[in-house]
Amino acid sequence: MFKTKIGNLDLETCIYNASGVYCVEFGELLKLADPGFSNSVILTKSCTLEPRIGNNLPRYYDTKLLSINSSGLPNLGYQFYCDNAHIIKEHSEFKKPYILSISGLTLEDNYKIITEAVNNNFIDGIELNLSCPNVIGKPQVGYDFTIMEEIIRKASEIIETGRDARLESGSGFLFGLKLPPYFDISHFDMACDIINNSNVQSLTCINSIGNGLVIDTEKELVAIAPKNGYGGIGGTVIKPTALANVHYFYRNTKCSIIGCGGISRGMDAFEHILCGASAVQIGTHFHKKRNVCFKEILTELGSIMKSKNYKTIDDFRGKLVHYK
Ligand code: DHB
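Here's what the structure looks like:
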């Protein structure tokens, strides 16, 4: 009922974690690999060349409607996520693809990590993160279309070269991007142009809405410490922006779309899929509920599908109706 495909990757269910949440440490990745949980992909924390401890605490805060974070890319370094891919996949009985999220601090760092990933047969693809809002002094690549075009072109070259070698061993490799939210139609169109001239296969829409400010009114204090309280906003309040991005990229590219933003119930997942998502990722709600959230959301989605007589997600994916 929930089977799906992103690029050439077959997934058992259409739900998994958003990068960043419980996917930094070895034990967290093992839990994501556990066949007892309904998530269908093991997606790592965005990695950098060197390990990082991240920004000062507190750096995460949430309410019923939203979350704010400024973690600052704490991660164990790309070598850790590459070297442990086979052990973690083995724990999933090789049923869940392992996708490396990459957020190198320079273009060269990204190219080096991509090269390593595509040459590792236990890594099934990358989600190249063009949208981290929380590293001080590093703008979001997805908002600079010149650099975005350059990084995608070079990444494509590296992946094509690596893929040729992998094909002989029979395993494919997903080239995906994690995009920031766009808010202006001209920006959507510029991003689509770049993507349509590349061999990117999947788009995760959206990363958090960057540089929001949340206030603890009791204390008259910013909710998080780094960057004077500015951080990426996630959770229920970002769903309309997420849906708009999912739908635009679904209609205007050939990529598989992975919806992310404001999903805590089956109906939220249903809306994302109706807008064109082939799978959904859970961030803020996963942070709140841990691994049980995947099954809960799927159970609710299953009831909605049953009530509408849909047997597979392809029966309604992208079929959102517009006024004439
Ligand atoms: C972080 C936040 C993001 O939204 C992201 O895409 C990557 C990293 C962080 O602060 O760690």
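Using the numbering used here, the letters of the sequence shown map in sequence onto residues 1456 to 1779.
We put the CB at the ideal spot given by N, CA and C, even for glycine.
Output the distance between the C-alpha atoms of residue i and residue j, rounded to the nearest integer angstrom.
i	j	result
Q1688	A1680	In the sequence on display, residue 1688 carries Ile and not Gln. The alpha-carbon atoms of I1688 and A1680 are separated by roughly 15 Å.
E1483	Y1477	5 Å
C1647	V1735	20 Å
D1465	S1733	11 Å
K1544	G1491	14 Å
E1604	N1652	9 Å
P1635	G1559	16 Å
S1547	R1706	34 Å
V1479	P1588	18 Å
N1683	D1619	47 Å
K1709	I1461	11 Å
A1678	I1670	5 Å
I1578	S1495	15 Å
P1529	K1779	48 Å
K1694	M1645	22 Å
Y1566	Y1598	19 Å
S1762	G1773	18 Å
G1617	E1623	11 Å
G1675	N1539	Looking at the sequence itself, residue 1675 is Glu, so the reference to Gly does not match. In a straight line, the C-alpha of E1675 is about 44 Å away from that of N1539.
V1596	E1751	34 Å
R1608	E1563	13 Å
L1485	N1746	11 Å
I1759	S1493	18 Å
N1472	D1489	13 Å
I1728	F1771	7 Å
I1508	T1561	18 Å
N1654	F1630	8 Å
N1463	Y1765	23 Å
E1615	K1744	39 Å
Do the CB positions of residue i and residue j come within less than 9 Å of each other?
i	j	result
L1504	I1606	no
P1730	V1776	According to the sequence as given, residue 1730 is Cys; it is not Pro. No, the pair does not count as a contact, with Cβ atoms beyond the cut-off.
L1632	I1650	yes
I1554	I1523	no
I1661	T1459	no
V1692	R1621	no
R1514	S1501	no
I1602	T1570	no
I1470	F1749	yes
L1512	K1551	no
G1690	C1715	no
F1481	L1756	no
Between the options, which has its C-alpha nearest residue i's C-alpha?
i	options	result
H1642	N1662, K1682, F1600	F1600
T1499	D1517, G1532, K1519	G1532
S1663	S1474, E1675, I1649	S1474
I1712	T1659, A1678, S1758, E1755	T1659
I1718	Y1703, H1742, K1709	H1742
F1704	I1554, K1761, Q1656	Q1656
H1541	N1575, G1686, I1461	N1575
I1640	E1755, A1699, F1630, L1528	A1699
I1591	H1727, F1457, F1638, N1510	N1510
G1686	D1489, K1486, D1517, N1494	D1517
I1557	K1551, T1739, F1549, C1537	C1537
T1696	D1564, L1676, E1726	E1726
A1610	Q1595, K1593, E1623, F1628	F1628
L1585	Y1637, E1467, D1489, E1675	Y1637
P1506	Q1534, F1481, M1456	Q1534
H1740	L1485, F1481, L1521	L1521
P1594	N1666, T1754, I1759	N1666
G1721	R1745, T1754, V1747, N1746	T1754
T1468	E1615, L1583, A1724	A1724
S1626	K1744, F1549, K1519	F1549
Hey, is residue i close to the ligand SAH, as in C-beta under 8 Å from one of its heavy atoms?
i	result
L1504	Here the bound small molecules are the ligand DHB; the ligand SAH is not part of this structure.
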